[in-house]
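One structure is given here, and the rest of the page talks about it.
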Amino acid sequence: MTDVDPQWYFDTAAAMRKLGKDIATELTSLQGKLSGISNSAGNHTSAGHTWATAYDQAASDVFEAASLTAIAADNLGEMVHKAGTERLRVQNENSPGRQAVSAPALPAGSGLTISMHPTVRSTGGLHDLPEDWDIIEGRIEKKWADCDVGKIKSAGEAWTSSVGNLNTAIEAVPPMNTTPDPPPEVPKIDKAVNRVTKTLDEVRLWGQCIASSCDHTQSKSDLERKQIKAILLNARIIIAVLENLPGGPAAGAAADYAVEKFKDQAAKDVTTLLTELDGFVSQAADNLKLITNKGNVTSLIQFKLAPLLGRYARPDKPVAGNGNNRQRGADGERRAGIPPGYKKRRVYPSAPLGKGGYRYPDHINDDTRQITEVKNTNDTRDSDNQIIDEANWAAENGYTMTLITDHRTTLSPEVEKLQSEGKITVLRMELDENLGGQKPTPFIPTDTWVPPPSDPTKPKDSIRTGVPTP
Numbered sequence: 001m002t003d004v005d006p007q008w009y010f011d012t013a014a015a016m017r018k019l020g021k022d023i024a025t026e027l028t029s030l031q032g033k034l035s036g037i038s039n040s041a042g043n044h045t046s047a048g049h050t051w052a053t054a055y056d057q058a059a060s061d062v063f064e065a066a067s068l069t070a071i072a073a074d075n076l077g078e079m080v081h082k083a084g085t086e087r088l089r090v091q092n093e094n095s096p097g098r099q100a101v102s103a104p105a106l107p108a109g110s111g112l113t114i115s116m117h118p119t120v121r122s123t124g125g126l127h128d129l130p131e132d133w134d135i136i137e138g139r140i141e142k143k144w145a146d147c148d149v150g151k152i153k154s155a156g157e158a159w160t161s162s163v164g165n166l167n168t169a170i171e172a173v174p175p176m177n178t179t180p181d182p183p184p185e186v187p188k189i190d191k192a193v194n195r196v197t198k199t200l201d202e203v204r205l206w207g208q209c210i211a212s213s214c215d216h217t218q219s220k221s222d223l224e225r226k227q228i229k230a231i232l233l234n235a236r237i238i239i240a241v242l243e244n245l246p247g248g249p250a251a252g253a254a255a256d257y258a259v260e261k262f263k264d265q266a267a268k269d270v271t272t273l274l275t276e277l278d279g280f281v282s283q284a285a286d287n288l289k290l291i292t293n294k295g296n297v298t299s300l301i302q303f304k305l306a307p308l309l310g311r312y313a314r315p316d317k318p319v320a321g322n323g324n325n326r327q328r329g330a331d332g333e334r335r336a337g338i339p340p341g342y343k344k345r346r347v348y349p350s351a352p353l354g355k356g357g358y359r360y361p362d363h364i365n366d367d368t369r370q371i372t373e374v375k376n377t378n379d380t381r382d383s384d385n386q387i388i389d390e391a392n393w394a395a396e397n398g399y400t401m402t403l404i405t406d407h408r409t410t411l412s413p414e415v416e417k418l419q420s421e422g423k424i425t426v427l428r429m430e431l432d433e434n435l436g437g438q439k440p441t442p443f444i445p446t447d448t449w450v451p452p453p454s455d456p457t458k459p460k461d462s463i464r465t466g467v468p469t470p
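Take the sequence shown: its position 203, counted from the start at 1, is 203 in the UniProt record's numbering, and no numbers get skipped.
Listed below in structure tokens is the structure:
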């Protein structure tokens with residue numbers, strides 16, 4: 001067996017700690033670039049609601065996956081640094097007469113303990129109804145596509161930039177150790193490093209998928225908006241001509257009939273375009289669902305990073321018992337990004353279901369006109385009336401509502417109905433580590449380590465929860 005210089009351990013540890021730090025820095029930068037995304041998806045159904053739901057969830061999942069990768073890199077760096085320190089201790093003891101060499105300090109890592117997420121969501125729209133919309137008012141059921149294509153385009157560009165920076169961070173990781181017949185722990189460390197970089201590379205590809213979907217959605221939406229405005233302007237001109245034709249009462253009656261027919265045709269043409277937009281955005285949203293379904297982010301993180309995190313992240317197993325609900329709720333709000341020290345205020349829906357006639361949403365942002373309710377629970381059923389009241393208040397006052405739940409949370413039929421009708425957007429985050437009093441215990445796994453089998457259709461039976469074993 002060939003000995004390996006302790007410096008290799010320290011260099012590898014430093015590379016992992018730097019990677020974690022670089023990921024956190026990039027996520028912080030991306031948060032800032034995406035801070036203007038509010039009210040960009042549009043209020044039109046189904047395209048606007050579909051895009052807000054898909055984009056916000058995909059963005060949150062990618063942030064969560066990247067954050068967990070950073071934490072895993074930090075932990076791996078610390079474990080490798082300890083291994084190097086031990087290797088150096090042995091080397092010093094076996095080198096009598098030589099001055100002992102001191103281990104370098106552990107480099108700074110990401111500093112993350114919980115996942116980062118975008119601070120602003122895309123729900124809401126411009127409310128920029130075209131001035132000629134009155135031509136088809138009452139003749140069309142669909143809403144105007146009031147999405148902000150400029151903001152969606154900027155979001156796509158921000159994701160593209162971050163994807164490039166993550167790729168640069170991956171390429172900066174040193175290659176595997178090529179020492180022949182090294183100590184067994186060396187290839188083990190190399191393969192653990194590979195777990196981290198492969199996971200981050202997958203996260204990078206997901207970010208590229210978001211960027212591409214943003215580009216396609218804004219491009220198609222921009223085209224449809226322009227075409228609809230052109231149809232309405234053309235209709236306005238022709239109607240003006242018809243309404244001013246000479247020829248007396250008979251000609252006037254014919255002109256009125258023609259105007260009505262032309263308005264009907266304009267409404268039909270606009271409906272066709274908005275329906276086309278629904279289909280296109282639905283396709284873009286389906287692409288994002290390739291990220292957000294449980295078979296991707298959750299499976300990848302649990303499969304690749306559980307040992308390095310020392311826990312199974314994003315568990316979907318219900319929390320047992322009803323203890324510590326207040327603490328669990330507070331922790332969920334913190335992880336969901338509710339500002340520390342935020343003072344909740346009352347809202348008064350017009351037809352309240354709750355006693356007293358008022359509710360306290362977890363957060364109200366008057367600048368973006370978005371309200372947020374966080375439910376770190378196994379099921380939303382007990383909060384149905386509260387969620388309905390807050391959703392109604394939001395609609396009555398020109399706000400949009402997002403319900404943030406844990407990955408394990410089951411949505412009640414009432415909440416699913418609100419979601420399907422576009423009255424709320426549901427966003428899932430890791431609000432609870434579900435450790436049951438255990439502490440994360442990271443370890444460097446063997447190359448063959450895999451988590452126990454899990455059936456995503458039976459979360460209650462899952463044993464991918466708590467702390468994994470080597």
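Glycine residues also receive a C-beta, built at the ideal position from the N, C-alpha and C atoms. Bear in mind the structure is a predicted one, so any value in this text is a computation, not a measurement.
Annotation: M401 is outside any alpha helix (DSSP H); the continuous beta strand (DSSP E) that includes it extends over T400 to D406. A residue is called buried once 16 or more other Cβ atoms fall within 10 Å of its Cβ, and A266 is buried on that count. Contact between the stretch 183-192 and the stretch 236-244 is not established, with fewer than three Cβ pairs separated by less than 8 Å. Using a 10 angstroms sphere on the CB of K304, the tally of other CB atoms reaches 16 or more, which defines it as buried. For the pair of segments examined, the stretch 383-396 was found to touch the stretch 405-415: the number of CB pairs separated by less than 8 Å reaches three.
Here DSSP, grouped into helix, strand and coil, assigns T372 to strand. Rounded to whole angstroms, the separation of the alpha carbons of A65 and P174 is 22 Å. For N378, the secondary structure class from DSSP, reduced to helix, strand or coil, is coil. The residue among D128, A211 and N75 with its C-alpha nearest the C-alpha of T113 is N75.
Taking a contact to require three or more Cβ pairs closer than 8 Å, the stretch 328-338 and the stretch 438-454 do not qualify as touching. Under the three-state reduction of DSSP output, M176 falls in the coil class, being neither helix nor strand. Three or more pairs of CB atoms, one per stretch, sit closer than 8 Å, so the stretch 397-412 contacts the stretch 368-379.
Under DSSP, M429 forms a beta bridge with D406. With a 10 Å radius around the Cβ and a threshold of 16 neighbouring Cβ atoms, R195 comes out buried. Look at the stretch 46-101 and you find these whole runs of alpha helix (DSSP H), each 4 residues long or longer: 47-93.
Around the beta carbon of K439, fewer than 16 other beta carbons lie within 10 angstroms, which makes this residue exposed. Taking 8 Å as the upper bound for CB-CB distance, D215 and T2 are not in contact here, some 51 Å apart. In the structure shown, I152 adopts helical secondary structure according to DSSP, grouped into three states. For R359, DSSP records a beta bridge to V347.
In the same chain as G84, and ignoring 5 residues on each side of it, the C-beta atoms closer than 6 Å to its own belong to P6, Y9 and F10, in chain order. Distance from the CA of N392 to the CA of K289, rounded to the nearest whole angstrom, comes to 28 Å. Using a 10 angstroms sphere on the CB of T457, the tally of other CB atoms stays under 16, which defines it as exposed. Runs of beta strand (DSSP E) with 3 or more residues, each lying fully within the UniProt region "Disordered" (434-470), are absent. According to the DSSP secondary-structure assignment, I364 is paired through a beta bridge with I371. Setting aside the 5 residues that flank it on each side, K423 is surrounded in the same chain by A391, each with a C-beta closer than 6 Å to its C-beta; the list follows chain order. Ranked by Cα distance from Y342, the first of S350, P361, D128 and Q327 is P361.
By the Cβ test, the stretch 16-35 is not in contact with the stretch 255-271, since fewer than three Cβ pairs between them sit closer than 8 Å.
Membership of K188 in the alpha helix (DSSP H) is indicated by the continuous run E185 to L242.
Taking every protein chain shown into account, the CB of G398 has fewer than 16 other CB atoms within 10 angstroms, so this residue is exposed.
In this structure, the beta-carbon distance from R236 to D146 does not fall below 8 Å. An exposed status is given to T168, since fewer than 16 other beta-carbon atoms sit within 10 Å of its beta-carbon.
Contact between S67 and L27 is confirmed by a C-beta separation of about 7 Å, below the 8 Å threshold. For A394, the closest of Y257, N376, D366 and R428 by C-alpha to C-alpha distance is D366.
E260 and T271 have their C-alpha atoms roughly 16 Å apart. Rounded to the nearest whole angstrom, the CA to CA distance from E137 to Q208 is 39 Å.
In the structure shown, P6 adopts helical secondary structure according to DSSP, grouped into three states.
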